[in-house]
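Comments concern the structure below.
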Ligand code: AMP
Ligand code: GLY
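Residue numbers (the working numbering): 149 to 562.
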């Protein structure tokens, strides 16, 4: 079985290594890939989207696995192009990936299918936004498009809202687009991952990520500074409610709306006093949640994804360990406003945990930073305490100039 994994970060390395460990022993290929991923998967020698598609046809790739979201909505969409060329793709078509690419599309979908979510109003300009906020603070403002995790502002007061509205509508930081003004919700957050195959779904191991840069959930939002994963993150009752009120109606809604879906679907939820509500959908695995969840996976992920991409749902092929997994991210100087490349990474050989590379480069001098999030250090344990103690201890052995790391991953919000 030949599998191409699309993406270049820590999530994709975690997917590649888990696919590589499948008993079906697939041959792995990567695009655009990274030096770290190329330790396990062969580089696809393409320099464009067209080149990638042609190479997959010429080399008879059996399965294309979408890691990151951008390719799902690029041009005609990765899965759409795969379908035209007869390549099974684990990742949804462009029409369905609008659940992630457009906040307004997602909100309309949620309301249409009566799935619990915050109330919201879509607006087209600054004045409409101010009117929709109606002096109610805190308020949540969401740019209606892909913005690399930076398009959402939780605004405690008018000054913060006005600043974000200026960025969106006057400076056009994310380009043209509308905005959602959303009700401010409270409660612990949880990331639920579904593997969706048409009308079927399997709920994978839940996780929680830590989006703020600094300890105590302070500082700016980031792509994620760490994650904790375990079946035990939510009680069986909460998981049942999530399945009945959110996951099952979402899968049924996709069917009803004629939105084909085969791939991972990420439900970003808030466990509010009124029950779980959807904050966002992402049409792929979470990063860094994937780095935490994948080491808990048992079975044959490669055969599971291949079958699913062909419309055959085979949940019996995978399962998850009962224990805990904790992922600590090391980010480079300046992240998330900027990032710093070329800093030599020290201590990797002393680290006794699994290391996934989010943004690194291999040089003659050794591994160097090459991105905002640099490394994911991941440890497992039978108990939460065992997993988090090991993850933090091992992460502390790795360092580079300007490294940023939270010390409260899997302690805060637990
Ligand atoms: P998103 O990019 O949609 O995941 O939003 C980023 C973060 O903003 C979430 O992880 C939440 O912490 C916060 N957030 C999003 N929507 C809301 C909401 N309606 N109420 C409170 N916080 C929110
Ligand atoms: N960890 C959040 C995300 O992948 O979007």
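From the three backbone atoms N, C-alpha and C, an ideal C-beta is built for every residue, glycine too.
Helix, strand or coil for residue i, going by three-state DSSP, please let me know.
| i | result |
| --- | --- |
| residue 527 | strand |
| residue 189 | coil |
| residue 504 | strand |
| residue 277 | helix |
| residue 348 | strand |
| residue 422 | coil |
| residue 97 | No information on residue 97 is available, as it lies outside the stretch 149 to 562 that the chain covers here. |
| residue 269 | strand |
| residue 446 | strand |
| residue 498 | helix |
| residue 441 | helix |
| residue 390 | helix |
| residue 194 | coil |
| residue 533 | helix |
| residue 544 | coil |
| residue 608 | Only positions 149 to 562 of the chain appear in this structure, which leaves residue 608 out of reach. |
| residue 209 | coil |
| residue 407 | coil |
| residue 434 | coil |
| residue 365 | helix |
| residue 401 | helix |
| residue 151 | strand |
| residue 379 | helix |
Does the beta carbon of residue i fall short of 7 angstroms from some heavy atom of ligand 1?
| i | result |
| --- | --- |
| residue 257 | no |
| residue 561 | no |
| residue 369 | yes |
| residue 332 | yes |
| residue 441 | no |
| residue 337 | yes |
| residue 217 | no |
| residue 477 | no |
| residue 290 | yes |
| residue 351 | no |
| residue 428 | yes |
| residue 205 | no |
| residue 359 | yes |
| residue 300 | yes |
| residue 416 | yes |
| residue 574 | This structure leaves residue 574 out entirely; the chain is present only between 149 and 562. |
Next on the checklist: Contact between the segment 418-438 and the segment 311-321 is defined here as three or more beta-carbon pairs at a separation below 8 angstroms; is this criterion met?
Outcome noted: Segment contact: the segment 418-438 against the segment 311-321, fewer than three CB-CB distances shorter than 8 angstroms; contact not assigned.
Checklist entry - Closer than 5 angstroms from C-beta to any heavy atom of ligand 2: which residues, in chain order? => result In chain order, the residues positioned with their C-beta nearer than 5 angstroms to some heavy atom of ligand 2 are 357, 372, 434 and 435.
Checklist entry - Is the segment 168-178 touching the segment 445-463, taking contact as three or more C-beta pairs under 8 angstroms? => result yes
Item to check | Meets three-Cβ-pair contact criterion under 8 angstroms: the segment 475-485 and the segment 534-545 | outcome: yes
Item to check | Any 3 or more C-beta pairs closer than 8 angstroms across the segment 323-336 and the segment 514-528 | outcome: no
Checklist entry - Any contact of the segment 377-396 with the segment 242-254, i.e. 3+ C-beta pairs under 8 angstroms? => result no
Checklist entry - Can you list the alpha helix (DSSP H) stretches of 4 or more residues lying completely in the segment 227-271, in chain order? => result 242-249 and 251-260
Next on the checklist: Whether or not the segment 487-496 and the segment 330-350 are in contact is what I'm after, with contact meaning three or more pairs of Cβ atoms, one per stretch, closer than 8 angstroms; do they touch?
Outcome noted: no
Checklist entry - Is the segment 305-313 touching the segment 281-290 in the sense that three or more CB pairs, one from each, lie closer than 8 angstroms? => result yes
Next on the checklist: Assess contact between the segment 398-411 and the segment 372-390, defined as three or more Cβ pairs (one per stretch) separated by less than 8 angstroms. Is contact present?
Outcome noted: Touching, no, given that fewer than three Cβ pairs across the two stretches are closer than 8 angstroms.
Checklist entry - On the three-pair Cβ rule with 8 angstroms, is the segment 199-215 touching the segment 182-189? => result no
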